[in-house]
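With this note's numbering as the guide, the letters of the sequence shown map in order to residues 12 to 220. C-beta atoms are modelled at their ideal positions from N, C-alpha and C, and glycine is treated no differently. See below for the structure under consideration.
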Amino acid sequence: MAYTLHGAWLSGPTYKAALMLELCGQKWSYQHLDMRAGAHKKPEYLAKNRYGQAPCLEDGDLSLCQSAAILEYLAEKHGKFGGKSAADKARAREWMFWDFDRLAPYIYRPRAAARGIRQFPPDVLAAYKAEGDAGLAVLEGELKGKTFLVGNEPTIADIEVFGTVWYATEAQVDLAKYPNISAWMGRVQALPGFKLPYDLLPKESRAAA
């Protein structure tokens, strides 16, 4: 049975879940959430995702939200991108927690401001951008001499963090300043089944291919 992914085409977390499905070679249908119209707050969606956020992955009777939880679930179920050892799995999880705490908010919020989706006072926006630069500097240093974030093989950590960093240019960040990040992004994009966000996420609902 194909998965059903509920999400929005502009949503970075939705992209992370969709990319994981593609890289795992899974069939999935897509249910577009018109978040501007409040579709994510309607009772029928809240019954699936009590937080009223995107994305939500349905697998039979199971509904999961939060991209990191979805990636972990798919990695365990399909035996891909989870890491070879217990230490690898823990390190991948650590990276995903770090992304949620120290990087994603400070890329996604300036991106939303640049796209006119959200507004912030100038000093607040400047603070977000500074935090984003600090997070990218950490990532740049950690990638020195590494192929992927955890060992020499890609894991869900790479998928999760890539799904944040790719949007940095939309947040008006010059990624050319980060050669290690740029090289790592190229390796992620070379994975079989990889697709960029706007090639992967449609603007309308779609049946499983």
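Local Cβ density within 10 Å of residue i, reported as buried at 16 or more and exposed below that
i: M196; result: buried
i: E87; result: exposed
i: L207; result: exposed
i: N163; result: exposed
i: R126; result: exposed
i: K95; result: exposed
i: Y100; result: Just to set this straight, residue 100 is Lys in the shown sequence, not Tyr. So K100 ends up on the buried side.
i: V135; result: exposed
i: A65; result: buried
i: G49; result: exposed
i: G23; result: buried
i: R120; result: buried
i: Y139; result: buried
Residue closest to residue i, alpha-carbon to alpha-carbon, out of the options
i: I192; options: G23, L160, W39; result: L160
i: D144; options: L57, F131, Y117; result: Y117
i: L128; options: T175, A182, K157; result: It is Ile, not Leu, that sits at residue 128 in the sequence shown. The shortest C-alpha separation from I128 is found at A182.
i: V149; options: H89, D134, D110; result: D110
i: K157; options: R198, K100, A125, A65; result: R198
i: P190; options: I170, K155, L85; result: K155
i: N60; options: H89, A97, K38, L16; result: L16
i: A141; options: P165, E153, A115, Q130; result: A115
i: P165; options: V184, G93, D70; result: G93
i: M12; options: K52, W20, G71, H51; result: G71
i: F205; options: G174, Q42, M46; result: G174
Host alpha helix (DSSP H) of residue i (start-end)
i: L136; result: 133-153
i: S74; result: Element bounds for S74: not the alpha helix (DSSP H) but the beta strand (DSSP E), 73-76.
i: L211; result: 208-211
i: E55; result: 54-57
Cβ-Cβ distance between residue i and residue j below 9 Å
i: L34; j: G18; result: no
i: Y178; j: R113; result: no
i: A168; j: R104; result: yes
i: L85; j: M31; result: yes
i: W106; j: V172; result: yes
i: Y56; j: Q37; result: no
Residue span of the beta strand (DSSP E) that contains residue i, given as start and end
i: L30; result: Element bounds for L30: not the beta strand (DSSP E) but the alpha helix (DSSP H), 23-34.
i: T15; result: 14-18
i: W39; result: 39-43
Integer Cβ distance of residue i from residue j, believed to fall under 8 Å
i: A219; j: S40; result: 4 Å
i: T25; j: L147; result: In fact, because the Cβ distance is near 22 Å, the residues do not count as touching under 8 Å.
i: L68; j: K27; result: The Cβ separation is near 11 Å, so there is no contact.
i: Q130; j: A124; result: 7 Å
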